[in-house]
Amino acid sequence: MSVPHVIPYQGSKRKLAPQILDYVQHEVKGTVYEPFAGSAAITLAAAASEIGTSYVIGDKFAPLIDLWELIIDKPDYVADNYSKIWNAQLDDPKSYFLEIRKQFNEAQDPVQFLYLVARCVKNAIRFNANGEFNQSADNRRLGMKPEKVSKESYAISSILKGKTSVIAGDFMEVLKNAGPDDLVYMDPPWQGTSLKKDPRYAYLLDLDELVGGLAELNERGVPYLLSFDGTCGDKSYGKELPEFLQLEKVGLNAGRSSQAILLGRDDVTIESLYISPAMAEKNSKQTKNREQIKLFA
Ligand SMILES: C[S@@+](CC[C@H](N)C(=O)[O-])C[C@H]1O[C@@H](n2cnc3c(N)ncnc32)[C@H](O)[C@@H]1O
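Note that our numbering gives residue 924 to position 290 of the sequence shown, counting from 1, and the numbers run on in steps of one.
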């Protein structure tokens, strides 16, 4: 099944989702949690391939979560309102973007947020010190067409409606009910991108908080996969995670970065994926079971 996708979000794991989900080698009987959801690429890919029986989409950025709620429960509302906003820009897209940005910063309307993400430079949301959206428009493009937003929103609603909860909040709050039968995928903002003056995402990552949260999930026996740090050519970002967490690290081939393509370089970006101890155990049990079934077949 093809995987629908409606929020063009810089850093989306849409392309990497099949490689990430390859590391889910056991049957997930419970809920798939994505507490740093952004465009919720893993939830969408998991739901499309029927991994898990229900889903939790969480993010600290409330307007994004309001948008997810509308996409899932009221795709008609998203389609109609996006179409109105998008079409109204056609006479003067440049100043219209600035007007919508101003209105969004006052009232946090979720569909206006979708329009801003779709039209801004590199689809990279940026905020000033007051938490106001301050990214500029990419004036070479008008943003995703309304027909596409409509089609994708309906497709998403059809796979997630009735089985998905959305939560605006810190990742550990989102994960408070997660247990050993569930699966958690985490993609916190990288240190390399979140500690700059103009942070890419709405909130900065506190590394100690992340490590503390991972330790608690280990204690609770929650299986999780974590995307964190990475390397590109000879550059590496982020820190190694502490050994006591007992995470297994694997490298995913994320292809050539747009920067490398621009410079005509061959550097391939390798993204790290960490597998939690509970996850590794579930996967190895499943492999053993399969081997036994083969042996007795
Ligand atoms: C790297 S992006 C996730 C991208 C996502 N994997 C995708 O496919 O689009 C990180 C997200 O985490 C959110 N975030 C940052 N700090 C958070 C926190 N403490 N708890 C929950 N979400 C947080 C940001 O708002 C951002 O949407």
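We treat Cβ as the ideally placed atom computed from N, Cα and C, and that holds for glycine.
Length of the line joining the Cα atoms of residue i and residue j
{"i": "L879", "j": "S910", "result": "8 Å"}
{"i": "R937", "j": "L907", "result": "No answer is possible for residue 937: the residues shown for the chain start at 635 and end at 931."}
{"i": "K922", "j": "R899", "result": "43 Å"}
{"i": "W720", "j": "F747", "result": "12 Å"}
{"i": "N715", "j": "V745", "result": "7 Å"}
{"i": "L678", "j": "V818", "result": "14 Å"}
{"i": "Y858", "j": "G796", "result": "24 Å"}
{"i": "G847", "j": "D693", "result": "15 Å"}
{"i": "L886", "j": "E684", "result": "23 Å"}
{"i": "P823", "j": "Y657", "result": "21 Å"}
{"i": "K916", "j": "A682", "result": "22 Å"}
{"i": "D842", "j": "N852", "result": "15 Å"}
{"i": "V703", "j": "Q926", "result": "According to the sequence provided, residue 703 is Glu. The question's Val does not apply to it. Near 44 Å, if we compare the C-alpha coordinates of Q926 and E703."}
{"i": "V755", "j": "G777", "result": "10 Å"}
{"i": "T687", "j": "G803", "result": "22 Å"}
{"i": "K708", "j": "F930", "result": "50 Å"}
{"i": "T665", "j": "D710", "result": "26 Å"}
{"i": "N764", "j": "K728", "result": "23 Å"}
{"i": "P642", "j": "A752", "result": "6 Å"}
{"i": "Q742", "j": "L701", "result": "10 Å"}
{"i": "D863", "j": "A914", "result": "20 Å"}
{"i": "L897", "j": "V783", "result": "32 Å"}
{"i": "S918", "j": "I691", "result": "27 Å"}
{"i": "R854", "j": "K785", "result": "40 Å"}
{"i": "D725", "j": "E740", "result": "24 Å"}
Own chain partners of residue i with C-beta closer than 8 Å, once the 5 adjacent residues on each side are dropped
{"i": "L732", "result": "A771"}
{"i": "L750", "result": "F731, I734, R735, F738, I759, F767 and Q769"}
{"i": "A849", "result": "F878 and L879"}
{"i": "V856", "result": "L809, A812, G813, P814, D816, V818, S910 and A912"}
{"i": "P652", "result": "A679"}
{"i": "K663", "result": "T687 and D815"}
Element boundaries [alpha helix (DSSP H), containing residue i]
{"i": "L750", "result": "P744 to R753"}
{"i": "I904", "result": "I904 -> not in any alpha helix (DSSP H); beta strand (DSSP E) instead, spanning V902 to I909."}
{"i": "R774", "result": "That residue, R774, is in no alpha helix (DSSP H); it is neither H nor E in DSSP."}
{"i": "R735", "result": "P727 to A741"}
{"i": "N852", "result": "L841 to E853"}
{"i": "V712", "result": "P709 to A722"}
{"i": "A674", "result": "Neither: A674 is in no alpha helix (DSSP H) and is coded neither H nor E."}
{"i": "V808", "result": "F805 to V808"}
{"i": "P876", "result": "From DSSP, P876 is part of no alpha helix (DSSP H); its letter is neither H nor E."}
{"i": "L655", "result": "A651 to L655"}
Extent of the continuous beta strand (DSSP E) to which residue i belongs
{"i": "V690", "result": "S688 to D693"}
{"i": "A888", "result": "E882 to R890"}
{"i": "S799", "result": "T798 to A802"}
{"i": "M820", "result": "L817 to M820"}
{"i": "E668", "result": "T665 to E668"}
Own chain residues within Cβ distance below 6 Å of residue i, not counting five before or after
{"i": "L860", "result": "M820 and Y908"}
{"i": "P780", "result": "Y716, S717 and W720"}
{"i": "S792", "result": "none"}
{"i": "R648", "result": "H639 and A675"}
{"i": "Q723", "result": "Y730"}
Anticipated Cβ contact below 8 Å, residue i with residue j, distance rounded
{"i": "V808", "j": "Y689", "result": "12 Å between Cβ atoms; not a contact."}
{"i": "L794", "j": "I706", "result": "5 Å"}
{"i": "L881", "j": "V845", "result": "That belief does not hold up - the Cβ atoms of L881 and V845 are roughly 11 Å apart, past 8 Å."}
{"i": "S787", "j": "V712", "result": "5 Å"}
{"i": "Q644", "j": "N757", "result": "5 Å"}
{"i": "H996", "j": "Q920", "result": "This structure gives no information on residue 996, because the portion of the chain shown stretches from 635 to 931."}
{"i": "I955", "j": "I699", "result": "As displayed, the chain neither begins before 635 nor continues past 931, which places residue 955 out of reach and without an answer."}
{"i": "A888", "j": "L650", "result": "6 Å"}
{"i": "S646", "j": "S673", "result": "4 Å"}
Beta-carbon proximity list for residue i, same chain, < 7 Å, skipping 5 on both sides
{"i": "F670", "result": "D693, F805, M820, D821 and P822"}
{"i": "V902", "result": "N887, G889 and R890"}
{"i": "K883", "result": "S906 and Y908"}
{"i": "I895", "result": "none"}
{"i": "P697", "result": "Q742, P744 and F747"}
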